[in-house]
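Asks: First residue of the sequence shown? That's 601 in the working numbering, and the numbers climb one at a time after it.
Input: one structure, supplied below.
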Amino acid sequence: MTGRATNKQGCLGCAAVFALFVGVLVAFVLLVAPSTIGLTLRAYAEHAFKSMGETLGVREEGDEATDASPEETSVSLGAPVSLGSTRVEEYLRSKLDEGSREVYDQLIAGVRALEESIAVIHATPEDVSAAYKAMMGDHPDFFWLDGSFTYLYSSLLQSVTVQPGFAVEPSEVEATRVAIESEADTILAGLPEDATEYDVALLAYEHIASHTDYVVGAPHNQTIQSVLIGHASVCAGYARTYQYLLHRAGVFCSYVEGSIASKGEDHAWNLVRIDGQYAYVDPTWADPTYLGEDAGVSVGGVIYDYLGLTTDELLRDDHAFANADLWPDCDSTDLDYYRRAGLFIEDYDEQAVDEAFWRQASNGGNRAVFKFGTDEAFGEALAALDDGTFERESLLELASEMGETSIRYSYATSDTLRIVKLYW
601 MTGRATNKQG CLGCAAVFAL FVGVLVAFVL LVAPSTIGLT LRAYAEHAFK SMGETLGVRE
661 EGDEATDASP EETSVSLGAP VSLGSTRVEE YLRSKLDEGS REVYDQLIAG VRALEESIAV
721 IHATPEDVSA AYKAMMGDHP DFFWLDGSFT YLYSSLLQSV TVQPGFAVEP SEVEATRVAI
781 ESEADTILAG LPEDATEYDV ALLAYEHIAS HTDYVVGAPH NQTIQSVLIG HASVCAGYAR
841 TYQYLLHRAG VFCSYVEGSI ASKGEDHAWN LVRIDGQYAY VDPTWADPTY LGEDAGVSVG
901 GVIYDYLGLT TDELLRDDHA FANADLWPDC DSTDLDYYRR AGLFIEDYDE QAVDEAFWRQ
961 ASNGGNRAVF KFGTDEAFGE ALAALDDGTF ERESLLELAS EMGETSIRYS YATSDTLRIV
1021 KLYW
């Protein structure tokens, strides 16, 4: 019996713009005295965000000032990691039954030896298919495989001869490996000497988003060389590269297959374990180039919304697991990027919002992000945005500090992740 099995490894052409991410930008002009308002409209899209903009005049003399220099918060990030240990924890192998794990191990041995034909004994095609899929999910370092294989099955001998699909010619594997490892080590060299597991997760997230373009049809886009060498990929390449960089630093990371729920399109992201806690990370959606030209707006910078998600947040934000039974229920927010950065506000509190605003504005940036811990707190933030009071005084003070008579700003909100973003 002969056959061909194709193991999908993430998206081959994820949508350039998220289905839910559509909004309208409304510009307001609020003069110092008398108060007059003018309106303009334009289309705007950024992930699941609804957007609105406003221009405020500088506060009138005698208005109460806002403290512009709150104390910074600090978060314990755990013990330092030991770099250069390239530890692969075979998470998906652990989910196989004993017989399939034996098949997995036979496949691993043949793949590492670059065998173009691997004899697997005591196996059926179904065993091989399950084990091969798990192997590809555990091993982003097998960059020379494209995820497909052909097989010859002998029911009499209960054996399967597997021929892996090669993305890189065997004669070119070593040279490509050297180039990939060199690039990965250069990236990880940017970590401080006392780097923690969280530092690794953050560095890899930022680097991939900042140095990769989302390009459907990019060469080798299902493997790590598309990101580390070609700097253009789709979600499979992003997620595998994130996994590979964390493995290279000895931090647990697994490759998760699923889909964009609203579109039913293949997608891939990651599960991480940091300081003993699990969370989800989507490095593809961290990259503003994923939005594409259809977004109609230049977002710029890294999008940190998808670093350290709970299962609930992941599912609310249009992700669907291909096999939910494989993955843990992550319910802790301790690994959430915004909590780590002091920008997570559990219950709505104007002082906490002010402090988060100035923590970002004092660094000379042109945006501030706030993440709220409950629907109730987020609802209060939305109400303040609707009536124009959300961070009004802080924006007025910021304009005054910049020597300006007015400040134009816009905002965006994510209902699924309870995030508010201000841009000025």
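Note that beta-carbon positions come from the ideal geometry of N, C-alpha and C, so glycine has one too.
Note that the structure is predicted; figures quoted are calculated from it, not measured.
Throw me the rounded Cβ distance for the residue 977 and residue 955 pair, which I believe falls under 8 Å.
Replies: At roughly 15 Å, the Cβ-Cβ gap does not stay under 8 Å, so residue 977 and residue 955 are not in contact.
Asks: Mind listing, in chain order, the continuous alpha helix (DSSP H) runs of no fewer than 4 residues lying wholly within the stretch 931-1015?
Replies: The qualifying runs are 937-940, 950-961, 975-986, 992-1001.
Asks: If I measure Cβ to Cβ from residue 738 and keep anything under 7 Å in the same chain, skipping five residues before and after, which residues do I get?
Replies: Within the same chain, residue 738 has close Cβ partners 688, 690, 691, 692, 693.
Asks: Could you have a look at residue 777 and say whether DSSP puts it in helix, strand or coil?
Replies: It is helical.
Asks: Which whole-angstrom value describes the C-beta separation of residue 859 and residue 870, a residue pair presumed to lie in contact below a C-beta threshold of 8 Å?
Replies: Actually they do not touch by this definition, with Cβ atoms about 15 Å apart.
Asks: In the DSSP assignment, find the unbroken beta strand (DSSP E) run with residue 718 in it and report its ends.
Replies: That run of the beta strand (DSSP E) goes 718-721.
Asks: Looking at C-beta atoms only, is the number of pairs between the stretch 931-948 and the stretch 906-917 that lie closer than 8 Å three or more?
Replies: Counting Cβ pairs under 8 Å, three or more are found: they touch.
Asks: Between the C-alpha atoms of residue 713 and residue 907, what's the straight-line distance to the nearest angstrom?
Replies: Going from the Cα of residue 713 to the Cα of residue 907 covers about 36 Å.
Asks: Taking 7 Å as the limit between beta carbons, can you name the residues of its chain near residue 961, skipping five residues before and five after?
Replies: 968, 998.
Asks: Could you round the C-beta distance between residue 805 and residue 751 to whole angstroms and report it? I think they count as a contact, below 8 Å.
Replies: Going by Cβ atoms, the distance from residue 805 to residue 751 rounds to 37 Å, so no, they are not a contact pair.
Asks: So, residue 765 versus residue 748, is the Cβ gap smaller than 8 Å?
Replies: Against a cut-off of 8 Å, the Cβ pair of residue 748 and residue 765 comes out as a contact.
Asks: Report yes if the C-beta distance between residue 884 and residue 839 is below 8 Å; otherwise report no.
Replies: Yes, the Cβ-Cβ distance between residue 884 and residue 839 is below 8 Å.
Asks: Looking only at DSSP bridge pairs, what is residue 877 linked to?
Replies: In DSSP, residue 877 forms a bridge with 874.
Asks: Could you work out which residue in 973, 846, 963, 740 is closest to residue 952 when comparing CA atoms only?
Replies: When only C-alpha atoms are compared, the closest one is 973.
Asks: Identify which residue in 809, 808, 826, 723 has its Cα closest to the Cα of residue 816.
Replies: Out of 809, 808, 826, 723, 826 has the C-alpha closest to the C-alpha of residue 816.
Asks: I need the DSSP call for residue 867, collapsed to helix, strand or coil.
Replies: Residue state, collapsed to three classes: strand.
Asks: Does DSSP classify residue 591 as helix, strand or coil?
Replies: Since the first residue shown for the chain is 601 and the last is 1024, residue 591 is missing from the structure and cannot be characterised.
Asks: From which residue to which residue does the alpha helix (DSSP H) around residue 732 run?
Replies: It spans 725-738 - the alpha helix (DSSP H) in which residue 732 sits, taken as one unbroken run.
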